[in-house]
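Asker:
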Amino acid sequence: MRAPHAPALEAERLSPYLAFLFALLSTATLFDGFDAAMMSLASADVRATLDISRGEWSTVYGVYKIGVVLSFVFLLSADRFGRRSLMMVTVAGFTIFTGLTALARDAWEFTVCQLLARIFLTAEYALAIIMVGEEFPARFRGRAIAVLTSLATVGVLAIAKLQPFILLEDGAAGNWLHDAGAAAVAWLQRAAGRPVDGADWRILYLFGVAPLVLVAGLRVGMRETRRFEAAQAAAAQRPAAGLLANALLPWRPEYRRRTAIVALLWNCVYMVTSPAVAYWVIYAREDLGFSPHTVGDVIFWAYVAGVGGHVAAGWAIDRFGRRNTCAASYVLAAITLVGLFHTQSMLGQYVWHISTVFCFLAATTATHVYASELFPTEIRATGYGWASNFFGRVTEIATPLLVGLFVDRLGIPWSVTTVAFGPILGAILVLRFAPETRGMTLEQIQEALGAPQPAAARAAEPVQAPVSG
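Per the numbering used here: the sequence shown = residues 18 to 486.
#1: Residues in the same chain with beta-carbon distance under 8 angstroms from residue 301, minus the five sequence neighbours each way, listed in chain order, please.
#2: Hey, residue 396 and residue 266: beta-carbon distance below 9 angstroms or not?
#3: Pick helix, strand or coil for residue 438, following the three-state DSSP scheme.
#4: Using a 10 Å radius around the Cβ and a threshold of 16 neighbouring Cβ atoms, would you call residue 33 buried or exposed?
#5: Are residue 247 and residue 26 closer than 9 angstroms when you measure CB to CB?
#6: Is it right to say residue 477 is buried, meaning 16 or more other beta carbons lie within 10 angstroms of its own, or is it exposed?
#7: So, at 7 angstroms on beta carbons, what are the nonlocal neighbours of residue 401 in its own chain, with the 5 sequence-adjacent residues on each side left out?
#8: Starting from residue 226 and walking both ways along the alpha helix (DSSP H), at which residues does that stretch end?
#9: When burial is assigned at 16 or more other CB atoms within 10 Å of the CB, is residue 362 buried or exposed?
#10: Using a Cβ-Cβ cutoff of less than 6 angstroms, which residues in the same chain neighbour residue 294 once the five nearest sequence positions on both sides are dropped?
#11: Are three or more beta carbon pairs between the region 321-339 and the region 146-161 nearer than 8 angstroms?
#12: In chain order, what residues of the same chain lie with their CB nearer than 7 angstroms to the CB of residue 42, ignoring the 5 residues before and after it?
#13: Just the Cα atoms here: how many angstroms apart are residue 418 and residue 466?
#14: Can the beta-carbon of residue 84 be found less than 9 angstroms from the beta-carbon of residue 134?
#15: Quick check on residue 457: does DSSP put it in helix, strand or coil?
#16: Determine the DSSP secondary structure at residue 310, reduced to helix, strand or coil.
#17: Relative to the C-alpha of residue 439, which residue among 55, 461, 354 is closest?
#18: Out of curiosity, what's the CA-to-CA distance linking residue 122 and residue 433?
#19: Please classify residue 70: is it buried, with 16 or more other beta-carbons within 10 angstroms of its beta-carbon, or exposed?
#20: What are the boundary residues of the alpha helix (DSSP H) that residue 284 is part of?
#21: I'd like the ranges of any alpha helix (DSSP H) spanning at least 4 consecutive residues and lying wholly in the region 148-233.
#22: Could you check whether residue 217 and residue 138 sit closer than 9 angstroms to each other, using their CB atoms as the reference points?
#23: How about residue 82 and residue 410: are their beta carbons less than 9 angstroms apart?
#24: Would a C-beta distance cut-off of 9 angstroms place residue 413 and residue 290 closer than the cut-off?
#25: Ends of the alpha helix (DSSP H) at residue 47?
#26: Which residues in the same chain as residue 284 place their Cβ atom closer than 7 angstroms to its Cβ, once the five residues preceding and following it in sequence are excluded?
#27: Check each candidate in 223, 31, 191 and name the one with the smallest Cα separation from residue 204.
#28: Pick from 114, 39, 250, 446: whose alpha carbon is nearest that of residue 394?
#29: Distance, Cα to Cα, residue 327 vs residue 374?
#30: Rank 368, 349, 403, 244 by C-alpha distance to the C-alpha of residue 87 and give the top, closest one.
#31: Taking 7 angstroms as the limit between beta carbons, can you name the residues of its chain near residue 47, skipping five residues before and five after?
#32: Under 9 angstroms, do residue 89 and residue 151 count as touching if we go by C-beta distance?
#33: Closer than 7 angstroms by C-beta to residue 317: which residues in its own chain qualify, once you throw out the five before and the five after it? Chain order, please.
#34: Going straight from the alpha carbon of residue 303 to that of residue 128, what length do you get?
#35: Leaving out five residues before and five after residue 74 in sequence, what residues of the same chain have Cβ atoms less than 7 angstroms from its Cβ?
What follows is the structure in structure tokens.
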């Protein structure tokens, strides 16, 4: 029974505000896909302009990925200052440093700007998932997060189709979009006192300033989540803890196991996806001889299928459970990735790339749902930060650096294949150690896992049985 006058933490239906919130937050995941794909699709052109070797590119990419880990600082702050405020900060930061990337003169400037942009964007992405998880009803939560993360795929699709009009081959005719972007970049370079080099990849990064207009919408239309406000009200009645004490809460005995399992799952996934993303475009263009247009087309159709992977995962985790969906998608992803890097025909690249992206995006969707559900509201952003953005990203940074040490000796295909066991290990871990949370409210999950519940949360929670099926 609900306490008198206590606000319901669990939404009973999808309201117009939830639809508005979802649309606003979807831009975070959309630009995450856009930015990550831009780093990959423009890699050959960036390397040529800034004189970066294959081995050095591993270092650039690895440092860029460190931004994912550093974003964890923002998530610590989100449990203290709120989701809404931090969302506005991250949108502005990402926009500024992505725009500055367009003016980079050397590998060092490019790497630093992308590192800082990635810090803000990854925090923004994580906050979007946390807010949807806290606001949407339990019966829609898995599918809502699945659709939200699928919009990162839409960002990849957008740049896959956009980049052939921007990254023109030698002698190719211009077009209005390329010419307008080139003129804007040239103007900015002159204004900053930098030489105009006509590098096409700079145009893509200039497009990254678009999210700045969202700050106004976030400021006016977005409310703080009900669960965070209830957790803050409960916290106000307890002695205040310091920032360090709050940051270490996910490592207390009652939360340590779930923090570790989520971190291990992410590492198993990123052990393969990170070097694959870093090197597939280079492999396709330099080893297989694919044109930018062909590369963009392969990626486009692969990520069209990837949307299906997100949707399939959203359905499967609510139908068959989180554990089974994670394990199955992990194993299939490992198999398809090996096929991708050991096929040289055009048709084979289409088939294996489509299969690989479908399986890996299904795997990441299922893992995102786990990561957003297993922590109580008062430490959800902090726990998510430790497990997903800090310890969960070790292999995302380390594996491309490791692959870079022997890519010249083994070649790209066998270098990537050596780490393909990662998702299979993840499947074993999830089946052995991960809890099942299908159909439960966030409060019921905490009760099932034995974590203490704040009084405000217990009083405000409506009585609701887990959904079966």
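Every residue, glycine too, gets a C-beta built ideally from N, C-alpha and C.
Answerer: On the basis of the coordinates in this document:
#1: Leaving aside the five residues that flank residue 301 on each side, the residues in its chain whose CB is nearer than 8 angstroms to its CB run, in chain order, 307, 311, 312, 315, 366.
#2: With a cutoff of 9 angstroms on beta-carbon distance, residue 396 and residue 266 are scored as near each other.
#3: Under the three-state reduction of DSSP output, residue 438 falls in the coil class, being neither helix nor strand.
#4: That one is exposed.
#5: In this structure, residue 26 lies closer than 9 angstroms to residue 247 by Cβ.
#6: The predicted position of residue 477 is uncertain, since its pLDDT is 41 and thus under 50; a value taken from the coordinates is nonetheless stated next. Under this definition residue 477 is a buried residue.
#7: Counting only residues of its own chain and dropping the five nearest sequence neighbours on each side, residue 401 has a CB closer than 7 angstroms to the CB of 92, 143, 147, 388, 389, 392.
#8: Unbroken run through residue 226: none, as it is neither H nor E.
#9: Exposed, because fewer than 16 other Cβ atoms sit within 10 Å of the Cβ of residue 362.
#10: Same-chain partners within the cutoff: 57.
#11: Cβ pair count under 8 angstroms is three or more, so yes.
#12: These residues qualify, in order along the chain: 145, 148, 149, 165.
#13: When the Cα atoms are used, residue 418 and residue 466 turn out to be separated by approximately 37 angstroms.
#14: In this structure, residue 134 lies closer than 9 angstroms to residue 84 by Cβ.
#15: Under the three-state reduction of DSSP output, residue 457 falls in the coil class, being neither helix nor strand.
#16: In the three-state reduction of the DSSP assignment, residue 310 falls in the helix class.
#17: Sorting 55, 461, 354 by C-alpha distance to the C-alpha of residue 439 places 354 at the top.
#18: Rounded to whole angstroms, residue 122 to residue 433 spans 30 angstroms at the Cα level.
#19: Answer is exposed; the Cβ neighbour count stays below 16.
#20: Unbroken alpha helix (DSSP H) run through residue 284: 270-299.
#21: Secondary structure within the region 148-233: the alpha helix (DSSP H) runs of 4 or more consecutive residues, fully enclosed, are 155-183, 193-208, 218-223 (chain order).
#22: Their beta carbons are not under 9 angstroms apart, which means residue 138 does not touch residue 217 by this criterion.
#23: In this structure, residue 410 lies closer than 9 angstroms to residue 82 by Cβ.
#24: Using a Cβ distance threshold of 9 angstroms, residue 413 and residue 290 count as a contacting pair.
#25: For residue 47, the enclosing alpha helix (DSSP H) begins and ends at 33-58.
#26: Excluding residues within five positions, the ones whose Cβ falls inside 7 angstroms are 409, 411, 412.
#27: That would be 223, whose Cα lies nearest to the Cα of residue 204.
#28: Nearest neighbour of residue 394 by Cα position, chosen from 114, 39, 250, 446, turns out to be 250.
#29: Taking the straight line joining both Cα atoms gives about 10 angstroms.
#30: Put simply, of 368, 349, 403, 244 the residue whose alpha carbon is nearest the alpha carbon of residue 87 is 403.
#31: If we look at residue 47 and ignore the five residues flanking it on each side, its Cβ neighbours are 168, 169, 171, 172.
#32: It is not a contact, given that the beta carbons lie outside the stated cut-off.
#33: Contacts found: 174, 177, 178.
#34: Going by the C-alpha atoms only, they are around 22 angstroms apart.
#35: Excluding residues within five positions, the ones whose Cβ falls inside 7 angstroms are 60, 64.
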